[in-house]
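Participant: Questions regarding the structure given below will be posed in turn.
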Amino acid sequence: MERRRMRMAELARESGVSRETIHYYLREGLLPRPVKGGKTVAYYDESHLERLALIRRLREEKYLPLAVIRRVVEAGPEGPTDRDVDTLSDVLSIDPTMRRSLAELATPDSESERVALELGLLGEGAAQIAKHDEAEQRVLASVAQALSLEGEARQLTLADMAACARELSELVDTEAGLFFDLVIRQGDLRSAIDALRSGRAAVARFITAYRDLMLRRVVDDVLAGIARGARDIERLSLLPLSAALSERLGSAQQEESLRARAQAGDAAAANDLVWHLFVLGAPPALTELSAEVTGLLRPRARCLVVAARALVDPEAHLADLGQQLGKAGVFALGQVLAAQARLASFGRRREDHDQGFLAVAVPVMHELGRAAPGEDADPLASACAYHFRARIRLALPRVLGRHQLAIEDLERELGVLSAAGGRIGAAHRARLEGNARLSLASAYQEAGRRVEARAELERATAVDPEGPIGAAARRLA
1 MERRRMRMAE
11 LARESGVSRE
21 TIHYYLREGL
31 LPRPVKGGKT
41 VAYYDESHLE
51 RLALIRRLRE
61 EKYLPLAVIR
71 RVVEAGPEGP
81 TDRDVDTLSD
91 VLSIDPTMRR
101 SLAELATPDS
111 ESERVALELG
121 LLGEGAAQIA
131 KHDEAEQRVL
141 ASVAQALSLE
151 GEARQLTLAD
161 MAACARELSE
171 LVDTEAGLFF
181 DLVIRQGDLR
191 SAIDALRSGR
201 AAVARFITAY
211 RDLMLRRVVD
221 DVLAGIARGA
231 RDIERLSLLP
241 LSAALSERLG
251 SAQQEESLRA
261 RAQAGDAAAA
271 NDLVWHLFVL
281 GAPPALTELS
291 AEVTGLLRPR
301 ARCLVVAARA
311 LVDPEAHLAD
321 LGQQLGKAGV
331 FALGQVLAAQ
341 ARLASFGRRR
351 EDHDQGFLAV
361 AVPVMHELGR
371 AAPGEDADPL
381 ASACAYHFRA
391 RIRLALPRVL
401 GRHQLAIEDL
411 ERELGVLSAA
421 GGRIGAAHRA
431 RLEGNARLSL
441 ASAYQEAGRR
451 VEARAELERA
461 TAVDPEGPIG
471 AAARRLA
């Protein structure tokens, strides 16, 4: 059925949005362009009404700025769900109290004083309270307000205050340097003090506004990464070794031997074959194993097979993966692969989920954090767990994936590979090391650690200069 068409006046009347605002939204790309009916005639339809209603809800109910609304609108069905928008709007609902008088704030007590001194909230080196110092009392009133909160809210708020105190101490040192530079340059203390006082309110407002701006940038980063992250997590395959290096290290011959022995009923060979294919094979290799081979597998190897199947068909295999993981005992790599499958399943079937991506991702990331690859006695399993956990963390938005933790995982993986000696096969080591160094170099680059990134790219190239790993390293250099 053809959509009802309307002119600007009718659109403004039905939406309750002024013509000027509609024109502004059009210029900003928040509304689809109308259909032209002539040089001065434009027609709008129900999609414009729906979009205007969405923008109004996000502005008036969620208090989101237009920059974030644009991200939501541009992402479309692939973007954040309503639950994600609700969660992120809560992040922005911060009510500064700096303009309230001291009498309106919470009254500090001995506990506030103790906590403030313990956390360094009165400045580094402060050992006692100045009872009549209004500035200190204002800080203590904020601490008392934090202490009135319960449980995790109290812990988070105090940790936030401690982080702010550390960074603001450095800021004040820098500001003091700027002030005395002016004093010395002008040779006039009074005029420098007047200049400082004149701009003090503007700087205070700037600090509050800049913090809000950076929080909104974080939100924008999360919004941009939600759709991309779920898809990227599904594709965490390793770049292969070159044919020449694989042949030199005997990878194909080893697979052929293991496969023949497994088909003949050798259970040890069947389990070794699964690990060989997990590290060195193409992504479908594990899903194509015969029932005769999979019937010989121990719980850990079976986990790897079911995890590969869960990535292809989450609905059919996620429950089985959970059961196999329970049989495998403490198995960090299994936990990591289960997390990957759960996150990837959201990207594949997001329309069937009654939760937003954040609601799915947060408990999964919690479970990822609990996995302990370093406690696995098998160095190959340990290295793989570190590697794929890091790749999951890097695929998610920075604030959610905790990219510094990913860097630490990759560094630990390389440590395991280096210390394992002959307990990890040469081909397995080469593929894991080359891919780990590529991921680490990319993460270093993003963190601004250029020298370390270049060193890792050189090491990655040295692993397999003529293969895809070397080519990728040259592209990143």
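Residues 1 to 477, numbered by the working numbering, are exactly what the sequence shown covers, in order.
We put the CB at the ideal spot given by N, CA and C, even for glycine.
List the endpoints of the continuous alpha helix (DSSP H) containing P379.
Facilitator: P379 to A395
Participant: So, with DSSP's three-state summary, where would you put K483?
Facilitator: Nothing in the structure corresponds to residue 483, since the chain is present only between 1 and 477.
Participant: Would you give the residue range spanned by the alpha helix (DSSP H) that K327 belongs to?
Facilitator: P314 to K327
Participant: Report buried or exposed for M214, applying the criterion of at least 16 other Cβ atoms within 10 angstroms of its Cβ.
Facilitator: exposed
Participant: Where A268 and V306 are concerned, what is the direct C-alpha to C-alpha distance, given to the nearest angstrom?
Facilitator: 18 Å
Participant: Since L245 and G467 should fall inside the 8 Å C-beta cutoff, what is the C-beta to C-beta distance between them, to a whole number of angstroms?
Facilitator: 6 Å
Participant: Taking the straight line between their C-alpha atoms, what separation do you get for A328 and A153?
Facilitator: Cα to Cα, A328 sits roughly 37 Å from A153.
Participant: For a minimum of 4 consecutive residues, which ranges assigned as the alpha helix (DSSP H) are wholly contained in the segment 389-457?
Facilitator: 398-401, 403-420 and 426-446
Participant: When we look at the beta-carbon of T461 and count the other beta-carbons within 10 Å, is it buried (16 or more) or exposed?
Facilitator: buried
Participant: Let's test the definition: count the other Cβ atoms within 10 Å of the Cβ of M98 and tell me whether it reaches 16, buried, or not, exposed.
Facilitator: At M98 the pLDDT is 41, less than 50, meaning the model places this residue with poor confidence and gives no usable figure here.
Participant: Using C-beta distances below 8 Å, list every residue in its chain close to L417, excluding the 5 sequence neighbours before and after it, in chain order.
Facilitator: P379, A383, I424, R429, L432, E433 and A436
Participant: Please return the same chain residues whose Cβ sits closer than 7 Å to the Cβ of E10, not counting the five positions on each side in sequence.
Facilitator: none
Participant: Could you give the residue range of the alpha helix (DSSP H) that holds F179?
Facilitator: Where F179 is concerned, the enclosing alpha helix (DSSP H) stretches over G151 to Q186.
Participant: What separation, rounded to the nearest whole angstrom, lies between the Cα atoms of D376 and H276?
Facilitator: CA-to-CA, the gap between D376 and H276 works out to about 18 Å.
Participant: Please check the pair V68 and D220, which I expect to be a contact at CB under 8 Å, by giving their CB distance rounded to whole angstroms.
Facilitator: 6 Å
Participant: With burial defined as no fewer than 16 other Cβ atoms inside 10 Å of the residue's Cβ, what is the status of I469: buried or exposed?
Facilitator: buried
Participant: For L119, which residues of its own chain have a beta-carbon under 6 Å away from its beta-carbon, when the five flanking residues on both sides are left out?
Facilitator: So the list reads A162, once near-sequence residues are dropped.
Participant: Nearest CA to the CA of C164: which residue from E458, L121 and V451?
Facilitator: L121
Participant: Where does Y44 land, buried or exposed, given buried means 16+ other C-beta within 10 angstroms?
Facilitator: Classification of Y44: buried, given that the 10 Å Cβ count is 16 or more.
Participant: Closest to F331 by CA distance: which of P299, V293 and D313 is it?
Facilitator: P299
Participant: Since A262 and L296 should fall inside the 8 Å C-beta cutoff, what is the C-beta to C-beta distance between them, to a whole number of angstroms?
Facilitator: 7 Å
Participant: Name the residue from S442, S169, G38 and M365 whose alpha carbon lies nearest to the alpha carbon of D402.
Facilitator: Checking the sequence shown, residue 402 turns out to be Arg, not Asp. It is M365.
Participant: What separation, rounded to the nearest whole angstrom, lies between the Cα atoms of A473 and R449?
Facilitator: Just so you know, the alpha carbons of A473 and R449 end up roughly 16 Å apart.
Participant: Please report how far the alpha carbon of E446 lies from the alpha carbon of R5, in whole angstroms.
Facilitator: 48 Å
Participant: What residue range is occupied by the uninterrupted alpha helix (DSSP H) comprising R370?
Facilitator: Start and end: F357 to R370.
Participant: Within 10 angstroms of the Cβ of D188, are there 16 or more other Cβ atoms? Answer buried if so, exposed if not.
Facilitator: Its Cβ having fewer than 16 others within 10 Å, D188 is exposed.
Participant: Suppose you measure from the CA of D181 to the CA of A477; what does that come to, to the nearest Å?
Facilitator: 41 Å
Participant: Please report the distance separating the alpha-carbon of Q253 from that of L440.
Facilitator: Their Cα atoms are separated by approximately 31 Å.
Participant: Taking the alpha-carbon of H48 as reference, which of G38, E61, V73 and K39 has the nearest alpha-carbon?
Facilitator: Comparing Cα positions, the closest option is V73.
Participant: Using C-beta distances below 6 Å, list every residue in its chain close to Y25, excluding the 5 sequence neighbours before and after it, in chain order.
Facilitator: L31
Participant: Measure from the alpha carbon of L414 to the alpha carbon of each residue in K36, A359 and H387, then state which is nearest.
Facilitator: H387
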